[in-house]
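Novice: Below you will find the structure I want to go over with you.
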Amino acid sequence: MTTTFDDISEYETLFDPNFQCTTFANDLLLATNSLASELDISTSIKRVKFDIDNINTQLDKISGEEHTKLVHEIEQDTQAKKMFADLSTPLAQINTSFQRLDTDLIKPFNESVKCQDALKRIHQTATLIRAVDQFLVIVGKIEDITNIKNYDTVIIQNVKLLITLARLFHNLTHFLQTNGNLKSIKIIRDYQSIQTHKQQQLISLIQQPLRQLNEKSQQLRFNTDISATYLHSLYLLSPKLLTETITIILTIQITTSVNLLVRSLSSKNLFKQTMQEVSEKASFINQIVKLLDTNINCANGEVNILAEVSRTLGVKSYSVKFWKDVSVRFEPKFMEFIKAGSITVNAFRKDLPGLKQAVKEAVKSSQTDANDDSDLVSGMLQCLDKLNN
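What follows is the structure in C-alpha cells.
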C-alpha cells in the first residue's frame, strides 16, 4: 500500500507554526483523564510516544516509497527559497524608495492637510467674528435710534431717521438670513426677540398715519414726502404688509365711493357732485401709486416697489381696477334704484347725457394711470344706460 502525505494529515496540529507544547500537553492530559480518577500521566506519555513512532513510520514510508515526490517537493522548496532570495534586493530597494517617498512626500502632505484644516477653522472663526462685529454695528445703530428721547413721536416725524431705521432692520433681517451660523451665538439668539419687538413697534407706528391718511385722503397732497417715506419704510420692513396695506386702501376707497354714489341717487345734481368726490378717491389712489413707483435699494439689489406690489396683487392699472370695481359694485344698487320707478328715476333719464358727461369729467380729472380713458368710463356709462331699458 502506497503511503501519501495525506496519511499524516491527522497531525496537522503538530505542524502548525503557532503550535505550543504546553497547550498541546494540557489538552492531551484532559483528553486522557476524567475528573473522577486520579491524574494519569503515563497514558498521555504513551500516546505521545505512539504518535512519535507513527509519524516516524509514516515519514520512513514516505521517504522510501514516495522519494521521487519528496525530492520534487524539496526542489520546489529550494527554488522558492532561491526566488525569494533573488527578490530580496529589489524588495529592499522598493522598501527604501517607499520610505523615502513616505518621508519626502506622504508625511509632508499629511501635515499640510492638517495645517489646511487648521487654517480653514481659523478662517471660519475669523469670518464668524467679522459677522458678529457687523451684527453689533447694525444693532448699535438701531439701539441708538430707538433709545432717543420721545422716540415714538420723533421717528414718525423725522423722515430721514425713519427710513434709516427701516433700512437697518431690513439689513439686519437679511444679514441673519444669509448667515444662519450666527444663530449659534447666544448674544445673537437673545437679541432676535428684541429685534422682533422693536421692528413690530415701528411697523405699528407707520401703519397708524397710513390709516389716518386713508380716512382723510386729501391730506396726502400736503405730506407727499412723509407719506412716501411711510410706504417705502413699510416695504423695507415687510413687503407683505405693504401689499396688504395697499389692498386695504383700495378696498376702503372703492367701498366708500360706492356708498357715496348710492346715497347720491336721491338727486341727479347730487349724483354729479358725488362723481367729483369719487374722482378724488380715484385721484388719491393714483397719488399712492405714484409714491410707490420708485426704485429702492434693498439687500438683494434695487427693486421698484410698485412693480413688486402690482406683481403680487396681479394689477396692471389701479385706475382701471378702481373704476371697474366701483361700477361692478354700484350696478346692482343702481338697478334696484331703477326698478323702484320713482320720480328721481325719470329725472335721471331726462338728464342722461348730463350724467354721462359728469362721469367722463370725473374720470378725466382723476389723474388716471391708464392710457385710454374709455376703459375707465365704460363700466359707469353702461350702468347709466340701464335707464333706457
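With the first letter of the sequence shown counted as 1, position 271 gets the number 282 in the numbering used here; the numbers rise by one all the way through.
Cβ coordinates follow ideal geometry from the N, Cα and C atoms, glycine included.
1. Can you look up Gly312 in the DSSP assignment and give me helix, strand or coil?
2. Look up Ile307 in the DSSP assignment and give the residues it is bridged to.
3. Is Gln135 helix, strand or coil by DSSP?
4. With C-beta atoms as the reference, is Phe341 less than 9 Å away from Cys394?
5. Excluding the five sequence neighbours on either side, which residues of its own chain have a C-beta within less than 7 Å of the C-beta of Ile174, listed in chain order?
6. Can you tell me whether Lys279 is buried or exposed? The criterion is at least 16 other CB atoms within 10 Å of its CB, across all chains shown.
7. On the criterion of 16 or more Cβ atoms from any shown chain inside 10 Å, does Thr54 qualify as buried, or is it exposed?
8. Given this structure, state the Cα-to-Cα distance separating Ser294 from Pro364, to the nearest angstrom.
9. Quick check on Ser277: buried or exposed, where buried means 16 or more other Cβ atoms within 10 Å of its Cβ?
10. At which residue ranges does the stretch 121–205 contain complete alpha helix (DSSP H) runs of 4 or more residues, listed in the order of the chain?
11. Should the stretch 252–265 be called in touch with the stretch 176–195, which here means at least 3 C-beta pairs below 8 Å?
12. Taking Ser238 as part of the alpha helix (DSSP H), name the residues at either end of that continuous run.
13. Just to confirm the assignment, what range does the alpha helix (DSSP H) spanning Val326 have?
14. Can you tell which of Leu392, Phe359, Arg360 and Val356 has the C-alpha that lies nearest to the C-alpha of Lys371?
15. Once you ignore the five residues that flank Ile214 on each side, which residues in its own chain have a CB closer than 6 Å to its CB?
16. Take Leu231 and list the residues in its own chain whose beta-carbon comes closer than 8 Å to its own, dropping the five residues that flank it on each side.
17. What whole-angstrom Cβ distance do Ser377 and Ser290 have, given they're in contact under 8 Å?
18. Just confirm the distance between the C-beta atoms of Lys283 and Leu398, as a whole number of angstroms; I'd bet it's less than 8 Å.
19. How close, in whole Å, do the beta carbons of Val170 and Asp236 come, if the pair is a contact with beta carbons under 8 Å?
20. For the alpha helix (DSSP H) holding Glu23, just list the boundary residues, first then last.
21. Quick one: measure Cβ to Cβ for Leu183 and Gln206, integer angstroms, because I've assumed they're closer than 8 Å.
22. In chain order, what residues of the same chain have a beta carbon less than 6 Å from the beta carbon of Tyr246, not counting five sequence neighbours either side?
23. From which residue to which residue does the alpha helix (DSSP H) around Ser366 run?
24. Count the other C-beta atoms from every protein chain shown that fall within 10 angstroms of the C-beta of Gln110, then say buried if there are 16 or more, exposed otherwise.
25. Please classify Ile133 as buried or exposed, where buried requires at least 16 neighbouring CB atoms within 10 angstroms.
26. Checking 9 Å against the spacing of the C-beta atoms, do Leu130 and Asp163 come in under that value?
27. Could you check what DSSP says for Asp336 in three-state terms: helix, strand or coil?
28. Is it the case that the Cβ atoms of Met286 and Ala358 are separated by a distance below 9 Å?
29. Do Ile156 and Gln219 come within 9 Å of each other at the CB atom, strictly closer than that value?
30. Measuring alpha carbon to alpha carbon, tell me which residue in Arg200, Ser108, Ile117 and Ala137 is nearest Val150.
31. Alpha helix (DSSP H) containing Thr33: first to last residue?
32. In three-state DSSP terms, what is Gly390?
33. What is the DSSP secondary structure of Ser414, counted as helix, strand or coil?
34. To the nearest angstrom, report how far apart Val82 and Ile66 are at their CA atoms.
35. What is the DSSP secondary structure of Ser278, reduced to helix, strand or coil?
Specialist: On the basis of the data shown:
1. DSSP places Gly312 in the strand class (E or B) of the three-state scheme.
2. Per DSSP, Val314.
3. Helix.
4. Their beta carbons are under 9 Å apart, which means Phe341 touches Cys394 by this criterion.
5. So the list reads Thr240, His243 and Ser244, once near-sequence residues are dropped.
6. Lys279 should be labelled buried.
7. Classification of Thr54: exposed, given that the 10 Å Cβ count is below 16.
8. Counting only the Cα atoms, Pro364 lies some 24 Å from Ser294.
9. Per the 10 Å Cβ criterion, exposed.
10. Counting only runs of at least 4 residues, the stretch 121–205 fully encloses the following alpha helix (DSSP H) elements, listed from N- to C-terminal order: 162–168 and 170–189.
11. Cβ pair count under 8 Å is below three, so no.
12. Annotation: the continuous alpha helix (DSSP H) that includes Ser238 extends over Thr235 to Leu248.
13. No alpha helix (DSSP H) holds Val326; DSSP gives it neither H nor E.
14. Distances from the CA of Lys371 to each of Leu392, Phe359, Arg360 and Val356 were compared; the closest alpha carbon is that of Leu392.
15. Shown here for Ile214: same chain residues with a beta carbon closer than 6 Å to its own, the five before and five after excluded, namely Leu248 in chain order.
16. With a pLDDT of 48 at Leu231, under the threshold of 50, the modelled position of this residue cannot be trusted; read the value that follows with caution. Its chain contains Leu224, Ser238, Phe295, Gln298 and Ile299 as the residues whose beta carbon lies nearer than 8 Å to that of Leu231, once the 5 sequence neighbours on both sides are disregarded; these appear in chain order.
17. 4 Å between Cβ atoms; contact.
18. Incorrect: roughly 15 Å between the Cβ atoms, too far for contact.
19. Contact check for Val170 and Asp236: beta-carbon distance about 6 Å, within the 8 Å limit, so the pair qualifies.
20. Glu23 to Phe26 is the extent of the alpha helix (DSSP H) around Glu23.
21. With a Cβ gap of about 6 Å, Leu183 and Gln206 count as contacting.
22. Correct list, in chain order: Leu253 and Ile316.
23. One detail in the question is off: residue 366 reads as Leu in this sequence, not Ser. That run of the alpha helix (DSSP H) goes Leu363 to Lys375.
24. Per the 10 Å Cβ criterion, exposed.
25. By the neighbour-count rule (16 or more Cβ atoms within 10 Å), Ile133 is not buried but exposed.
26. Not closer than 9 Å, so no.
27. DSSP places Asp336 in helix when its eight states are reduced to three.
28. In this structure, Met286 keeps its C-beta atom at 9 Å or more from the C-beta atom of Ala358.
29. No.
30. Val150 has its Cα closest to that of Arg200, out of Arg200, Ser108, Ile117 and Ala137.
31. Start and end: Cys32 to Thr43.
32. Three-state DSSP puts Gly390 in a helix.
33. Residue coverage of the chain in this structure runs from 12 to 400, which leaves residue 414 outside it and unanswerable.
34. Rounded to whole angstroms, the separation of the alpha carbons of Ile66 and Val82 is 19 Å.
35. Three-state result, Ser278: coil.
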